[in-house]
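Quick note on my numbering: the sequence shown kicks off at 92 and runs consecutively.
To start, the structure itself, in structure tokens.
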Amino acid sequence: MTKISVALCTYNGEKYIREQIDSILEQSLKVDEIVVCDDGSTDKTLSILSEYENKFPNIFKIHLNEKNLRSVKNFEKAISLCSGEIIFLSDQDDVWENNKVKIFSDFFEDNQNVDVICSNGFIIDENSLQQNLYTVWDVPNFLSENKKEIDYFKIFATIGNFATGASMAIRKSFINKVLPFPTVEGLHHDEWIALVSSEQKNFAFINEKLFSYRIHSEQQVGGICYSKDEVSKEKLISRFDYDKAPKTFRDFKIKLRTLNDKERKFTVYLEKDSNENAKRFLKEVQNEKLALYQKLKSERFALFLFFKYFYR
Numbered sequence: 092m093t094k095i096s097v098a099l100c101t102y103n104g105e106k107y108i109r110e111q112i113d114s115i116l117e118q119s120l121k122v123d124e125i126v127v128c129d130d131g132s133t134d135k136t137l138s139i140l141s142e143y144e145n146k147f148p149n150i151f152k153i154h155l156n157e158k159n160l161r162s163v164k165n166f167e168k169a170i171s172l173c174s175g176e177i178i179f180l181s182d183q184d185d186v187w188e189n190n191k192v193k194i195f196s197d198f199f200e201d202n203q204n205v206d207v208i209c210s211n212g213f214i215i216d217e218n219s220l221q222q223n224l225y226t227v228w229d230v231p232n233f234l235s236e237n238k239k240e241i242d243y244f245k246i247f248a249t250i251g252n253f254a255t256g257a258s259m260a261i262r263k264s265f266i267n268k269v270l271p272f273p274t275v276e277g278l279h280h281d282e283w284i285a286l287v288s289s290e291q292k293n294f295a296f297i298n299e300k301l302f303s304y305r306i307h308s309e310q311q312v313g314g315i316c317y318s319k320d321e322v323s324k325e326k327l328i329s330r331f332d333y334d335k336a337p338k339t340f341r342d343f344k345i346k347l348r349t350l351n352d353k354e355r356k357f358t359v360y361l362e363k364d365s366n367e368n369a370k371r372f373l374k375e376v377q378n379e380k381l382a383l384y385q386k387l388k389s390e391r392f393a394l395f396l397f398f399k400y401f402y403r
């Protein structure tokens, strides 16, 4: 029987932590351990965790950080402490569908080449009410509707990340390929895992909605959801369809700004660590940027001059 772990990171999460933990404990396929790393909570989070630890001593393993690690390094610690063959990442304020672990586990079992899985999800508000919105997790389904084979690595490396940690599970055998996580502003652990796994063709996405992502004022990372209308859908498709060439000044500006940001993150990382993965990711970004400039130079020379020499 495959052992299943959950890496749960907490910090002042008293408001929603019970709902998340209960949704994990109520899975149709039970998890074997929940490794919690608390990053210095000053509210009632620790007392809530203590209640669960006393009630389920064989499941909960709670670790209190001596100093604040922040999200990326806290998840690195939690993941490294997990002993299961499959490790689910969990935020403190979301909610899982009760068949999430089962569906992910079956997918891993049926696809031995896959090391990382993410899924679609719902959006909920502070009161746990579902919101009727499109999200970046709808993108794979939108692209598939257009009968497009999805190059996840090209998307993650040159456009943006929709492999959210809250929806992610990884094989323990894979973690040595992604740890330690980079400590670069704006480069999150879930994006790094997605980049490494997708480049190796070991990433998979499940279109079924298997968790609820909470939107609230205290959350750390947003930019997930959009109005549920055709305009938003077309914007999402246009943004993530890497074969769709930019046409307007705004299109070029957004594309170049994205590439510049990714180039900066990988360059900063490589100044600290000669990481082979980051070298390849940087090369992918630079090649995409070069192709964009070549297109501008041949088709829109005035724009080429502006973006090449004046826009940063």
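Where is the CB? At the ideal position from N, CA and C, for every residue including glycine.
Beta-carbon spacing of residue i, residue j below 7 Å
i: Ile250; j: Phe331; result: yes
i: Phe272; j: Glu157; result: no
i: Glu390; j: Lys263; result: no
i: Lys319; j: Tyr402; result: no
i: Leu350; j: Val322; result: no
i: Arg305; j: Ile170; result: no
i: Tyr107; j: Asp184; result: yes
i: Asn368; j: Val275; result: no
i: Ala295; j: Asn252; result: no
i: Ser83; j: Phe247; result: Look at the range of the chain in this structure, 92 to 403, and you will see that residue 83 is not part of it.
i: Cys100; j: Asn165; result: yes
i: Asp159; j: Asp130; result: Residue identity check: residue 159 is Asn in the sequence provided, not Asp. Yes, the Cβ-Cβ distance between Asn159 and Asp130 is below 7 Å.
i: Ser303; j: Phe213; result: yes
i: Thr136; j: Glu117; result: no
i: Asn232; j: Asn298; result: yes
Buried or exposed by the 16-neighbour rule on C-beta atoms within 10 Å, applied to residue i
i: Asn211; result: buried
i: Gln111; result: buried
i: Ala382; result: exposed
i: Ser219; result: exposed
i: Leu155; result: exposed
i: Ala254; result: buried
i: Gly314; result: exposed
i: Gly256; result: buried
i: Met92; result: exposed
i: Phe244; result: buried
i: Leu387; result: buried
i: Lys300; result: buried
i: Ala98; result: buried
i: Ser132; result: buried
i: Asp197; result: exposed
i: Ile345; result: exposed
Residue i at chain C interface by Cβ criterion, 7 Å
i: Arg391; result: Annotation note: the requested chain C is absent from the structure, which comprises a single protein chain.
For residue i: DSSP bridge partner residues
i: Ser303; result: Val186, Phe213
i: Ile328; result: None; Ile328 has no bridge partner.
i: Asp129; result: Thr101, Leu155
i: Thr226; result: Cys316
i: Glu142; result: According to DSSP, Glu142 bridges with nothing at all.
i: Glu124; result: Ser96
i: Phe340; result: Bridge partners of Phe340: none, in fact.
i: Leu180; result: Ala98
Problem - Inter-stretch contact (C-beta, 8 Å, three-pair minimum) for the region 384 to 398 and the region 338 to 350 - result: Contact between the region 384 to 398 and the region 338 to 350 is present, because at least three Cβ pairs lie under 8 Å.
Exercise for the section: Indicate whether the contact test is met: 3 or more Cβ pairs, each with one atom in the region 235 to 242 and one in the region 109 to 125, closer than 8 Å. Expected result: Using a Cβ-Cβ distance cut-off of 8 Å, the region 235 to 242 and the region 109 to 125 are not in contact, since fewer than three pairs of beta carbons, one from each stretch, lie closer than that value.
Handout entry: At least 3 beta-carbon pairs within less than 8 Å: the region 265 to 282 vs the region 169 to 188
Key = Yes: at least three Cβ pairs fall under 8 Å.
Problem - Touch test, the region 132 to 148 against the region 184 to 193, Cβ-Cβ under 8 Å, three pairs minimum - result: The way I'd put it, the region 132 to 148 doesn't touch the region 184 to 193; fewer than three beta-carbon pairs between them come closer than 8 Å.
Practice task
Can you check the region 273 to 302 for any alpha helix (DSSP H) of at least 4 residues that lies completely inside it and give the ranges in chain order?
Solution key: Runs of the alpha helix (DSSP H) inside the region 273 to 302: 280 to 290.
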